[in-house]
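Residue 28 in our numbering sits at position 19 of the sequence shown, with consecutive numbering throughout.
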Amino acid sequence: MSDVDPAARIREICMALPEAAEKPFGGHTAPTYRVRDKMFVMTSEDGLSMTFKAGPGVQEALVAEDPERFFVPKYVGVKGWVGARLDVDHDWDEMAELIEDSYRLVAPKRLAKLLD
10 MSDVDPAARI REICMALPEA AEKPFGGHTA PTYRVRDKMF VMTSEDGLSM TFKAGPGVQE
70 ALVAEDPERF FVPKYVGVKG WVGARLDVDH DWDEMAELIE DSYRLVAPKR LAKLLD
């Protein structure tokens, strides 16, 4: 695994998005990233994974293509969210694109357009 701190990298990517906010989920201490209180990224308590919202077919494609890095998470997996293991190397440009796509799915159109 590389020297990249996954939690710091995720935070950097998420917080660069318009009106993104970091907030713990429920009684947990791990951060979630939201726009207007709608989650687009959740991180695990142990820091070993993150989940993000994905469009139709993306979850199946990522998990089939690279099951070492991507998985169907409990609870939100049935809604198309994708899990990413953080204890393996990632292409952080690809991860930034996936996080941005997740943001676009939940952000108001006006904010999503700011990314174009």
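Even for Gly, the Cβ is constructed at its ideal location relative to N, Cα and C.
Beta-carbon separation (whole angstroms), residue i vs residue j, contact threshold 8 angstroms
{"i": "residue 44", "j": "residue 115", "result": "6 angstroms"}
{"i": "residue 41", "j": "residue 54", "result": "The pair is not a contact, with the Cβ atoms about 12 angstroms apart (cut-off 8 angstroms)."}
{"i": "residue 78", "j": "residue 93", "result": "6 angstroms"}
Residue closest to residue i, alpha-carbon to alpha-carbon, out of the options
{"i": "residue 59", "options": "109, 16, 112", "result": "16"}
{"i": "residue 65", "options": "48, 75, 86", "result": "86"}
{"i": "residue 91", "options": "24, 49, 33", "result": "49"}
CB contact flag (residue i, residue j, <7 angstroms)
{"i": "residue 28", "j": "residue 123", "result": "no"}
{"i": "residue 108", "j": "residue 61", "result": "yes"}
{"i": "residue 57", "j": "residue 112", "result": "no"}
{"i": "residue 18", "j": "residue 101", "result": "yes"}
Run of the alpha helix (DSSP H) containing residue i, from where it starts to where it stops
{"i": "residue 122", "result": "118-122"}
{"i": "residue 74", "result": "67-74"}
{"i": "residue 15", "result": "15-24"}
{"i": "residue 112", "result": "101-115"}
Closer than 6 angstroms: residue i CB and nearest the ligand NAP heavy atom
{"i": "residue 98", "result": "Ligands displayed in this structure: none; no statement on the ligand NAP is therefore possible."}
Span of the beta strand (DSSP E) around residue i
{"i": "residue 29", "result": "29-33"}
{"i": "residue 52", "result": "47-52"}
{"i": "residue 93", "result": "91-94"}
{"i": "residue 44", "result": "40-44"}
Neighbour flag for residue i against chain C, beta carbons, 7 angstroms
{"i": "residue 125", "result": "Included in the structure is just one protein chain, with no chain C present."}
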